[in-house]
Amino acid sequence: MGGRHETPCPAPDCGRVIRQPSTGRRRTYCSTACRVRAHRHARSTGRAETVA
Ligand SMILES: [Zn+2]
């Protein structure tokens, strides 16, 4: 186990790797736009965030 803090952006059509800060809040999406898009996508499909 290393000290990596990277997570893939769960937004549809993104998939960027988010480098999480070693301290502070962790980011779920790489950008606000992705967050909005993911929420729209979830609403349109009537499902919560999918876990790939
Ligand atoms: Zn993204």
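Taking the working numbering, the leading residue of the sequence shown gets 2, the next gets one more, and so forth.
Where a beta carbon is used, it is the ideal one built from N, C-alpha and C, also for glycine.
Subject >> Nonlocal neighbours in the same chain, by C-beta distance under 6 Å from residue 12, ignoring five residues either side >> reply: To locate residue 12, count along the sequence shown from 1; it is residue 11. Same-chain partners within the cutoff: 30, 35, 38 and 39.
Original post:
How long is the line joining the alpha carbons of residue 27 and residue 19, rounded to whole angstroms?
Top reply: As a first step, residue 27 must be located in the sequence shown, where it is residue number 26. As a first step, residue 19 must be located in the sequence shown, where it is residue number 18. Answer to the nearest angstrom: the Cα atoms are 9 Å apart.
Original post:
Identify the residues that DSSP records as bridge partners of residue 20: which are they?
Top reply: Residue 20 sits at position 19 when you count from the first residue of the sequence shown. Note: residue 20 sits in a beta bridge opposite 7.
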